[in-house]
Amino acid sequence: DPTYYFATLYGISIGDKYLPFNSSGTVSKGNMFLDSGTPPTIVPTDFYNRLESEVRSQ
1150 DPTYYFATLY
1160 GISIGDKYLP
1170 FNSSGTVSKG
1180 NMFLDSGTPP
1190 TIVPTDFYNR
1200 LESEVRSQ
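Residue numbers (the working numbering): 1150 to 1207.
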């Protein structure tokens, strides 16, 4: 029973606004690492900045 999983993140919706996940990395599948023992989620800085900006504007 692994305590971690890989998922593919395509984007996140904030209200009616969809923010696509664009990464400069080469991984297209399994680009998100989920660990049940690690509460914070870490995303690339450029995506986080767009996400934070949209949350603040709503």
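Positions of the beta carbon are idealized from the N, C-alpha and C atoms, including for glycine.
The alpha-carbon of Pro1189 is positioned some 23 Å away from that of Ser1206.
Cα atoms of Pro1169 and Ile1191: separation of roughly 16 Å, rounded to the nearest angstrom. For the beta strand (DSSP E) assignment, the uninterrupted runs of no fewer than 3 residues enclosed by the region 1164 to 1196 are, from N- to C-terminal side, 1166 to 1169, 1181 to 1184.
DSSP places Tyr1153 in the uninterrupted beta strand (DSSP E) bounded by 1153 to 1156.
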